[in-house]
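Report on the structure given below.
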Ligand SMILES: [Zn+2]
Ligand SMILES: [Zn+2]
Ligand SMILES: [Zn+2]
Ligand SMILES: [Zn+2]
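Chains as they are written, first to last, in my numbering: chain A, 2 to 371; chain B, 2 to 371; chain C, 2 to 371; chain D, 2 to 371.
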């Protein structure tokens, strides 16, 4: 079993500007210039840990390429692609659509390199060069819809990868699991009427986008039943997420029998993340990944490709990703989560009834999958 | 009505080292050198916003002084004070006791200047120069006990201030309200057997320190009933905190009839804070401060002094503190919370039953205060 | 004798973007997003040192105001002022004219507050509230000409101050000394034909702007003789600058008999500055300021106002400015230049012949002043 | 022809602490905590540019190993190695000897990995896997002597490499060229009595260490004539350095007929470097490297190994190193020096007589080499 790894330092050069957290600097409104919360630091440190821990030696490094226009247009409208390009060409950059998604000068090419990194992994899986893989990409993608960027996302990398798997490599059924703390609304919208792509999203309820990701969002037309959501209450942790994986995600995958599993590996549901209020630890990411790896082994020859999505804690993100990668490769490194002790007590919470209710509601919908 | 304001740039020079989040850098263990989460940035930006917003013109700036040994020893053991001093004298600094509380080279004097800033405010209140005041100090204090530092805290600034108010200024009864996301364990421990100082702490349950701040921690000996805790579940927000203020904090203050109210203004229960999982917004801090200001007006001639404690979001902390200060001064600036829109949906959660249970439990204890 | 001090944290909010040194980020051209060399850090640290050293207590803090349109138009063309405003109104900001002068969103108001800081000092001197003063302003000004910004400068703060002194406060003759490492080309150009404003600039020869600041640039028409330049070779240090002060600057001031001396206090000729190749130390700035203070005492009742210009070393700039301020106030603080030892050897160079030649050439022109 | 490239992200984890420029933070002395000038940023950005420019694809990436105790002791005393280890084991780190050379916690292993990176290159050259190579290492090495660290240097990486080449790979004569802006005093001292290792150092005269690197330092005993120095005056630029290369370095290499050329590629003589006052550009580094590559081709089958030494401009260092690497590989990338225009005028200075005198003096000593 070989695990592929896509990374490029150009991903770190995607420029989100002198924003203060989420907002463009505006001194007159009292908004001091600062760094955008979606800056390169967490990802840079993640790549460095992968190297320093020794894990890099266990991975097959795959150089990304830029996704072509044909590949982008399988998912996005020409107007949206053109909009990103225009914003990217401007000296000071611009925004991908919702005012919260900075496009830096030159970010169009970087976004294409991010999408293309996933395409390279899909092809490597199809060719049998790797069994599974991880793309440490930037900018993220799961909020981007067919016709607009949003939530820091420019192009929907995973959706483009799913269509590539289907169109070029003949993988008929693709499942996309999204455990980013925020709703994978873009991915869901793109495949909403499509029964060949199952989307399952676990997120903090009503966080971002607002009023999105409720359980009743279950697909439409032929796609009915092929969109699943588990909107977990703020403050959910290890027990709730593992229960959701076991009651919803894995049963859904088992019913769907995908040819390929894609994972939107946002790690912003971790206990230190500034952008959500969940309480996952490296143990949670490890256990959830283990479940997915097992499902992939059982269902689709181990084919599992993860794309990096959110994750805004510069100091904790690296360990969360390392845990995911260790499970993908089936190895462990000499680096253990140094924060495990300090968060042990409060992340050991049992499953709470108000969390279980949400999970049960989602579990009832699994049987619609055929 | 005049509001005092203590700040000194030396507070920003307290050096927490090249730590990664909470942990000292240790490359061999995979811990990359970085910045400590308790670094100057959030406080620096807060002071800058106070200036740029124009609010500084409404405040009486009070220069801090260093707390004397006599003043420190009213609260701390000689051994602890000496320990801080010894660690501070070392070229590379050291730790205040628990391994999570960096003492920088020279931090002893800075910590004394932080404690002394609160003493200056207490004296100004006693002299009638100000009605209330805010000390934007660093390092924080509320976790420090009589004989050890912990949780980033070196000296318990507020406890030293309370004893100063009693000893020097003849204020018999002092109430300390602590809405930092973490338990004000140090302050509680210092006054646990003492019925002249009421401590009330609202925090995320079982967060930090672990297994501390439960409702049953209610004081001991003569102090029984004079320590109150509201250990709110992770994910609690505006509704829960306001309910706790109205059901526990304000009734307790009304029964206690303090001569002075001290506030441990940790703003790390805000919705973007990396160190806790609560969901407060500037509106919450504004409303909670309003309740305290009203109580102070009703009970003790408006005497209310706030010390800055936790608050780790560089971009959101400034607005939380500005809201507190606007309520203390009774003015508003031209700066409105620019993040209000983006968090409106998910911070509008109603009070949940599992939150209400905790609050009710604490409310039952209020009648023990005499 | 009282020394005024102008500073506002809004100066630090002037946003020079994600530039790499001098250049806008451009990933496609291999230019990684980074910080602009003219970022707030050196000035922020300077202000903090002024506070922590205790010097702030010796200064009369004067709150800046925004320069009015009338005041700006005494120096700048309406088209230039409008250009800055338009660039500033754009969400992503723009440039002040030469492609090296970022205008952040909202920088127009900040630039007016910088110019207005100097106006406040001029008025305070005229009113006798202070004898001399220092404006720790940002953005800088001395490269800005009547009709364009350049070299990080938006508005020519000192030129606006000179005209204010003449027009409003009846000071007939104003001398502007500029020891920034780069040529004060903007100031020189504005007053080139004007014998009522003497400009004297010491700089690294041919550094910035290229081919500007030669000795033969000596004024025009009625202003002939009233512009002086000392284009010192790269590598010039303490001996060369002091010689230039004694042979050129002071004799020129003595002949000119100004009613007010303005100082463009760029400290980027210091030995650690990345933007020039000169070798000054705090001792040099101290000695040069001493000479100017003495001249001001002798010639114009001590009236001397310094504006902060360049200075890009975050760690050494603060000590250079502290030395200037200590001389202005006639006090010393407990802080001594901690870098003095490490640079002692190579900054002790004697005056070299090729440096002396340049100074002699400039000295010959002093007699043209009447 | 193949060019080897050694880099490891662990190099970036060498922790120089919260120093202010060169000095440990000391708030009581007015020294604000900040970043050390020898921090990872310039090297990190250099590696990123090597990747993003596409040059990485032209290089043979060689994984470094840790130098063994035997290898270290060929150059250093046991006491010095033990000292570094002891300092490194301390939680807060320490210093390598002179008070200006921080040893971070864990830096001992990183320093061994830096030295070992060069050993890996030497072996790869000896094995014929590569013709030449570059080690982008950290911490630097050329100031470290046999028994002490100094000037940010812990272990003398190049000296260890030279001894390895001689002892293990039978390369009898090794030449070490050092164009770092500071004197390669450690390397010179280690080989001062040894005629089998020729050291040639070009530096800013009397800069660091003070009173070191004069022309008269020419070797001792059998080594007489085998140490050369060109102490160029501050402000020297392209013309002076190229003249020194042509009049001193290349003739010396031609007489010495080395089996291997090592290059101490400090790029801190560049025109933007804060730690020296020289004026080199990427064109200079390109031309100097070209001369060395040609000499290596002529003299020793192209065997040329460069170690990264100083270079403190975060924005300009990457382009200087890219120029060196392009010449080593004989290729060019799409990235051209974006700063070329802005420094064109003042870096075009002709050779000055006081520079030529120094070069001539050094050139006279070349004939002593046999
Ligand atoms: Zn997310
Ligand atoms: Zn806290
Ligand atoms: Zn300048
Ligand atoms: Zn150097």
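C-beta atoms are modelled at their ideal positions from N, C-alpha and C, and glycine is treated no differently. The model shown is predicted, which means the values in this text are computed figures rather than measured ones.
- Scanning chain D for C-beta atoms nearer than 7 Å to the C-beta of residue 27 of chain B yields 106, 107, reported in chain order.
- One Cα belongs to residue 310 of chain C, the other to residue 232 of chain D, and the distance between them is close to 33 Å.
- Straight across, the Cα-Cα distance linking residue 10 of chain A with residue 319 of chain A is about 16 Å.
- The beta carbon of residue 83 of chain A does not come within 8 Å of any beta carbon belonging to chain C, so the residue lies off that interface.
- Around residue 35 of chain C, the beta-carbon contacts reaching into chain D at under 9 Å are 42, 46, 315, 316.
- Not flagged as an interface residue toward chain D: residue 306 of chain C, since no C-beta distance is shorter than 8 Å.
- Residue 237 of chain D sits buried, since 16 or more C-beta atoms from the chains shown fall within 10 Å of its C-beta.
- With a 10 Å radius around the Cβ and a threshold of 16 neighbouring Cβ atoms, residue 360 of chain B comes out buried.
- Straight across, the Cα-Cα distance linking residue 82 of chain C with residue 16 of chain C is about 18 Å.
- Residue pairing by DSSP places residue 27 of chain A opposite A/32 in a beta bridge.
- In its chain, beyond the 5 residues on either side, 4, 6 have a beta carbon closer than 6 Å to the beta carbon of residue 60 of chain A.
- When Cβ pairs closer than 8 Å are counted between the two stretches, the stretch 336-349 of chain B is seen to touch the stretch 273-287 of chain B, the count reaching three or more.
- The Cβ of residue 13 of chain D sits closer than 8 Å to at least one Cβ of chain A.
- Within the same chain, Cβ atoms closer than 7 Å to the Cβ of residue 246 of chain B are found at 289, 292, the five residues on either side in sequence being excluded.
- A residue is called buried once 16 or more other Cβ atoms fall within 10 Å of its Cβ, and residue 276 of chain B is buried on that count.
- Check the Cα spacing between residue 142 of chain A and each of A/160, A/101, A/129: the tightest is with A/160.
- Here the stretch 148-158 of chain C makes contact with the stretch 97-104 of chain C; the two share three or more CB pairs at distances below 8 Å.
- Within the stretch 46-66 of chain A, the residues whose Cβ lies closer than 7 Å to some Cβ of chain D are 49, 52, 53, listed in chain order.
- When CB distances to chain D are screened at a threshold of 9 Å, not a single residue of the stretch 149-183 of chain C falls below it.
- Residue B/120 holds the alpha-carbon nearest to the alpha-carbon of residue 64 of chain B among B/120, B/37, B/87.
- For residue 88 of chain A, DSSP records no beta bridge to any residue.
- Contact annotation, residue 111 of chain B with residue 194 of chain D: C-beta distance approximately 51 Å; criterion of less than 8 Å not satisfied.
- Using a Cβ-Cβ cut-off of 9 Å, residue 353 of chain C is close to 234, 355 of chain D, given in chain order.
- Separation of the CB atoms of residue 250 of chain B and residue 178 of chain B is rounded to 6 Å, and the pair is thereby assigned contact status at 8 Å.
- Taking 7 Å as the cut-off, the C-beta of residue 309 of chain D does not count as close to any heavy atom of ligand 4.
- Inclusion of residue 269 of chain C in the 7 Å shell around ligand 3 follows from its C-beta lying nearer than that to a non-hydrogen atom of the ligand.
- Across the stretch 119-152 of chain C, no CB contact with chain B closer than 8 Å is found for any residue.
- Inter-segment contact for the stretch 197-204 of chain B and the stretch 329-336 of chain B is absent: fewer than three beta-carbon pairs are separated by less than 8 Å.
- Contact between residue 214 of chain C and residue 184 of chain C is confirmed by a C-beta separation of about 3 Å, below the 8 Å threshold.
- Excluding its 5 nearest sequence neighbours in each direction, residue 192 of chain A has C-beta neighbours in its own chain below 6 Å: 198, 200, listed in chain order.
- Among the CB atoms of chain C, none fall inside 8 Å of the CB of residue 16 of chain D.
- For the pair of segments examined, the stretch 37-56 of chain D was found to touch the stretch 321-332 of chain D: the number of CB pairs separated by less than 8 Å reaches three.
- When C-beta atoms of the stretch 295-308 of chain B are compared with those of the stretch 24-39 of chain B, fewer than three pairs fall below 8 Å, so the two segments do not count as touching.
- With respect to residue 44 of chain B, residue 23 of chain B sits apart: the two C-beta atoms are not nearer than 8 Å.
- The DSSP assignment places 42-53, 70-74 as complete runs of the alpha helix (DSSP H) inside the stretch 33-75 of chain B, in order along the chain (cut-off: 4 residues).
- Under the criterion of beta carbons closer than 8 Å, residue 264 of chain D and residue 51 of chain D do not qualify as touching, at roughly 17 Å.
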